[in-house]
Amino acid sequence: MLPIIKEFLEKYNPYLQPFYFFTAWVLLILLGINLVKTVTDIWQRSQKMHEIPCSNCQYFTNDHRLKCTVQPNLANTYEAVNCPDFIAQKKY
81 MLPIIKEFLE KYNPYLQPFY FFTAWVLLIL LGINLVKTVT DIWQRSQKMH EIPCSNCQYF
141 TNDHRLKCTV QPNLANTYEA VNCPDFIAQK KY
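Residue numbers (our numbering): 81 to 172.
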């Protein structure tokens, strides 16, 4: 380490310790806020995805090449929530 930096740190270490303490807490708080925002975003997105009724539709094929025989462009997307061709599957 450069002698100037070493002298500075040795001389002002008692004054820099509160700054280090404050910086560490600010970083931890920012990390917590970011974690909460991420979990909230994941929760909201998953709730929106569960509104898509395609898997319960009569026309849903469950094939990756052709997911829906009537509206293939809308299948499993957010636009499929209000699909006019939705007919519930008959469960036997």
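Virtual Cβ for every residue (Gly too), placed ideally from N, Cα, C.
Keep in mind the model is a prediction, meaning the values are calculated, not measured.
Residue of the options minimising C-alpha distance to residue i
i: Q169; options: H130, L115, Q138; result: Q138
i: Y158; options: P83, K128, T141; result: K128
Rounded straight-line distance, which links the Cα of residue j to that of residue i
i: K91; j: Q97; result: 12 Å
i: L108; j: K86; result: 28 Å
i: R145; j: F166; result: 19 Å
i: A155; j: Y100; result: 53 Å
i: F88; j: F102; result: 20 Å
i: L110; j: R125; result: 22 Å
i: V116; j: V106; result: 15 Å
i: W123; j: I113; result: 15 Å
i: D121; j: P94; result: 42 Å
Presumed contact (8 Å Cβ cut-off) between residue i and residue j, rounded CB distance
i: E131; j: V161; result: 5 Å
i: C134; j: T141; result: The Cβ separation is near 10 Å, so there is no contact.
First and last residue of the uninterrupted alpha helix (DSSP H) at residue i
i: K117; result: 83-129
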